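Participant: Okay, handing you the structure first.
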Amino acid sequence: MEQPPEAVGLRDVRPKSPNTGNHGDAHGRSSEESEHTLHTTPTRDLRMRKFPVLLVILYAAVAVAGWALTCTASRRPITTPSYGYVQQEDGEFDRVYDAEEKYARNERYIRAGQGLRIIAAVFVVPVTSSICAAAAAAYTQDGKRGRHLSLRQTMALADRGWISISNWTSARVSLGLFLATVVVFLGILSQILLNSWVNLKTIRVPDDISSQEITDVPSLFDEDFEDAADEVAALLRSSLAVVHSHDIEPLLWLENPESPTCNMNYYCDRSPRRPVAYQDLINDDEQDAAPFPAYFLASVPLDTSTGLFHSQFVPRINSSASYVNITEAEFEEHCSDNSTGFYAQYSSVPSEYRGMSLVACMPGVLSQSPWNRTRDRQDIFETLYLNVTTSFGGGTAYRKATVNTTLGYFELPNYYNGNLPGPLLEEDPYVGNTQNKYRKRDIAPNMTDAGDVELFDVHNKGPLLSLALALFGKDSFLETSFADPERFWDSSVDPDAPYSLCTNVLPLGRLDWEPSSCTSSTTPPVSNDVASLLSVLDSLYNTDQLFARAVYVANKIWLTQYRTQYQDLRLYFDPGMESYAPDLSLAGIIVGSILLGLHIVGLFALALYAFFGRPWTRSLDSFAMMKIGAAYADQFPLRLGYKTSEYSTGFLDRLPGFVGDGTPSAQFGRLEMGAAAPLRANRQYQSSDPRHPSSCQTNPPRYPGPPVRSSGVAQ
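Mind the numbering: the sequence shown is residues 6 to 720 in my numbering, read in order.
This is the structure we're talking about:
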């Protein structure tokens, strides 16, 4: 009874030589017939296979084009230089003409890139596996690298073990299988990461440019317009009687809209772009109280956004005020009627004006502006001393008001900073910008005349000095009231007229108390109205808040009043139109490009290896294994079996999986399993031809000794 192959040794299963006379040759042919067959068998040389190279070129073009379109569109549009505006050396911005059509075309490129990436991801395994199979065919005949292939390893390659976990065992793994697995893994990994990293984000792209010019801080020092210096105090004097604490001020900006502190109290329970009122200007002097938000005043409204234009900077100013009690000695130390600073004194005859008086002074040399002609950050400190005597409560009170003011620049909200105002900048943000550099004009000389009247003409006064001039200087409410007690008295008015009849408004009244800040037509003004104003200055309750609000009004007038024939600082705006772009980081581009590049390089290496290797078969597939199986027909009869492990241990490992030339010295070569001679490029080999059935017959395997060889693999 015939023994199964796994039960016998390798030499026991060798077919007997034709010289034994048992079988003649394996197919019952005589030696003469075999000789005749050799001369009539078709021959063919080993050919270069172009298909793997062409397939890799096509796949690489699709994968690289899709990734290149995505990467490019993530950094800049394909149809325009930038998703925003490009600023030239002269400060002007390049306009995007036909913007809508160009960005619509850019979106089509983005969709094309998406489609190509999807195609590359779908075909990554089929294409890579096909290239690996072609390279595996060349590997089985490689005289340098594949000579030691066992039949089990060749079968693992034919089973496409690079995508089958069951083939990843030490007995089946070869160098070719390992390299193919690496290339497949790189392909799968690169496509997974490339498609998972890329998302589309909605963006704004250029549409139409608009511009606006505002006053620049250096332009406030223009010599030609210093005659308007006295307007600030005059305008402030009028505004203090008009501005209400509940008035919404669109020029007030929240200092830090993202600060956690701002979400802990009522005053920050609002949108950072929602306008606020003057009553929100609160100094936080209490240690136990929750911090209040800080505000600054800018020369443009709170809802301003430059859209697609970044690096648009405007002036900003903020002040903080304090109002404290001091001693008489401290007051006398800093104030005198011959001071070179500001000094004002008002008093009434006790019998007529109930003993009301006020002395206000600001020491120091105030005839020079505390500000400099620069866009750098500037900080000034001002102090006002008051000696207040009222008819209510008796006695004299000494008070000190201090104001700290900071002037500088900040970046306007835009799409690139999250539509939030930028921080206060320490240095000039326009250094190197030729468009917004200083105008070439002479700097106005500072005033050196002392005295209260001359202080009105000081160019670019500090906010507290402007406030002191408006409240206590020439033509102020106190000055006119003490000079003419009957100023607001109309004897023709019926004494029985309603008390609510308003003839004028007290300064600071609408910024402080309710319900009325009017001067009455039925009572002498000095006896009530002046006393009301002095009582506010005498009080320590929320007077610092009142001064803070008044100082902000002074800052607004100084920073925003029209002082030049033309504005010096040009701002650009464009809200843009909606579009979309790939959301991909630079790190993602680099890593994704490396992985994709490694995969493409691996594919080209395998394809070129298959091309120049001139494999004996197009691909190591089922048809190739059928040919190899024909060479081992006596070893593997068609019987029931499920696993290669059913054969004896090492049986498949001892059978060669290398395809060589069994007749290296003959005129025509013949493919044999385990042949010592490798296949050569410029040589004819017996090939299969269905038109000649005899050419498809296989010679019986022969075993000259280890390594075992088996012949008859048809090409």
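All C-beta atoms, glycine included, are put in the ideal place defined by N, C-alpha and C.
Just so you know, these numbers come straight off a predicted model, no measurement behind them.
Between Q93, R100, S134, T77, which lies nearest to N754 when the distance is taken from Cα to Cα?
Facilitator: Because the chain spans 6 through 720 in this model, residue 754 falls outside it and cannot be assessed.
Participant: Within the same chain, show all residues whose beta-carbon is closer than 6 Å to that of L43, passing over the 5 residues directly before and after it, in chain order.
Facilitator: Per-residue confidence for L43 stands at a pLDDT of 49, beneath the threshold of 50, marking its modelled position as unreliable; the derived number appears in the next sentence. Here the set comprises nothing.
Participant: Looking only at its own chain, which residues have a Cβ that is under 6 Å from the Cβ of G192, when we skip the five neighbours before and after it?
Facilitator: V129, T133, H604
Participant: Could you say which of L539, D212, R52, W202 lies nearest to F314 if we only look at CA atoms?
Facilitator: D212
Participant: Taking the Cβ atom as the reference point for each residue, do R515 and Y283 lie within a distance shorter than 7 Å?
Facilitator: no
Participant: Name, in chain order, the residues that DSSP records as bridge partners for C366.
Facilitator: Y348, Y390
Participant: Check the DSSP bridge columns for W258 and list the partner residues they point to.
Facilitator: F301
Participant: What does the Cβ neighbour count give for Y88, buried or exposed, with the cut at 16 atoms within 10 Å?
Facilitator: Flag for Y88 reads buried.
Participant: Rounded to whole angstroms, what's the CA-CA distance from Y348 to N533? Just pull it up for me.
Facilitator: 25 Å
Participant: Do you know offhand how far W72's Cα is from V187's?
Facilitator: 21 Å
Participant: Would you be able to state if there are at least three C-beta pairs under 8 Å between the region 191 to 207 and the region 659 to 679?
Facilitator: Touching, no, given that fewer than three Cβ pairs across the two stretches are closer than 8 Å.
Participant: Under 8 Å by Cβ, that's how I've got K55 and F616 pegged, so tell me the actual separation to the nearest angstrom.
Facilitator: In this structure, K55 and F616 form a Cβ contact; the two beta carbons are roughly 7 Å apart against a cut-off of 8 Å.
Participant: Where do the N-terminal and C-terminal ends of the alpha helix (DSSP H) with E236 fall, by residue?
Facilitator: 236 to 244
Participant: Note down, in chain order, each residue of its chain lying with its Cβ closer than 7 Å to the Cβ of L600, except the 5 sequence neighbours on either side.
Facilitator: Within the same chain, L191, L194, S195, L198 come within 7 Å of L600 by CB-CB distance, once the 5 residues on both sides are set aside.
Participant: Whole angstroms are fine: how far does the CA of T388 sit from the CA of Q350?
Facilitator: 17 Å
Participant: Measure the C-alpha to C-alpha separation of A365 and L425 and round it to an integer number of angstroms.
Facilitator: 41 Å
Participant: Can you tell which of P320, V558, P661 has the C-alpha that lies nearest to the C-alpha of P434?
Facilitator: P320
Participant: My understanding is that L611 touches C137, with C-beta atoms under 8 Å, so please give their C-beta distance in whole angstroms.
Facilitator: 6 Å
Participant: Can you round the beta-carbon distance between Q689 and F673 to whole angstroms, since I take them to be within the 8 Å contact cut?
Facilitator: 5 Å
Participant: How many angstroms separate the CA atom of V18 from the CA atom of Y637?
Facilitator: With a pLDDT of 33 at V18, under the threshold of 50, the predicted position of this residue should be treated as unreliable, though the coordinate-derived value follows. If I take the Cα positions, the gap works out to 11 Å.
Participant: Rounding to the nearest angstrom, what Cα-Cα distance links P642 and A635 in this structure?
Facilitator: 10 Å
Participant: Kindly indicate which residue of Y557, Y585, F477, Q92 has the alpha-carbon position closest to the one of R80.
Facilitator: Y585
Participant: Does DSSP classify I208 as helix, strand or coil?
Facilitator: strand
Participant: Report the residue from S215, N323, G467 whose alpha carbon sits nearest the alpha carbon of G581.
Facilitator: S215
Participant: Exposed or buried, which one is I253 when buried takes at least 16 other CB atoms within 10 Å?
Facilitator: exposed
Participant: Less than 8 Å between the CB atoms is what I'm expecting for R404 and L240, so what's the real figure, rounded?
Facilitator: Rounded, the Cβ-Cβ distance is 26 Å, inconsistent with contact.
Participant: For E459, count neighbouring C-beta atoms within 10 Å of its own C-beta (all shown protein chains included) and say buried if the count is 16 or more, exposed if not.
Facilitator: exposed
Participant: Which whole-angstrom value is the C-beta distance of L162 and L625, which I expect to be below 8 Å?
Facilitator: The Cβ separation is near 5 Å, so the contact holds.
Participant: Is S316 closer than 7 Å to R219 when the C-beta atoms are compared?
Facilitator: According to the sequence provided, residue 219 is Ile. The question's Arg does not apply to it. Against a cut-off of 7 Å, the Cβ pair of S316 and I219 comes out as no contact.
Participant: Taking 7 Å as the threshold (C-beta atoms), are F336 and G421 in contact?
Facilitator: In the sequence under discussion, the amino acid at residue 421 is Tyr, which differs from the Gly named in the question. Contact: no.
Participant: Between L591, L574, A475, D381, which lies nearest to T75 when the distance is taken from Cα to Cα?
Facilitator: Residue L591 holds the alpha-carbon nearest to the alpha-carbon of T75 among L591, L574, A475, D381.
Participant: Assuming A406 contacts S471 (C-beta within less than 8 Å), just tell me the rounded distance between them.
Facilitator: At roughly 13 Å, the Cβ-Cβ gap does not stay under 8 Å, so A406 and S471 are not in contact.
Participant: Beta-carbon within less than 7 Å of Y577's beta-carbon, same chain only, minus the 5 sequence neighbours each way: which residues are those?
Facilitator: F98, I214, S216, T311, F314, Q317
Participant: What are the start and end residues of the beta strand (DSSP E) that includes K405?
Facilitator: 401 to 416
Participant: What are the start and end residues of the alpha helix (DSSP H) that includes R110?
Facilitator: Unbroken alpha helix (DSSP H) run through R110: 104 to 144.
Participant: I need the DSSP call for T331, collapsed to helix, strand or coil.
Facilitator: With the sequence shown as reference, residue 331 is identified as Ile, and Thr is not the correct amino acid for it. Coil at I331, not helix or strand.
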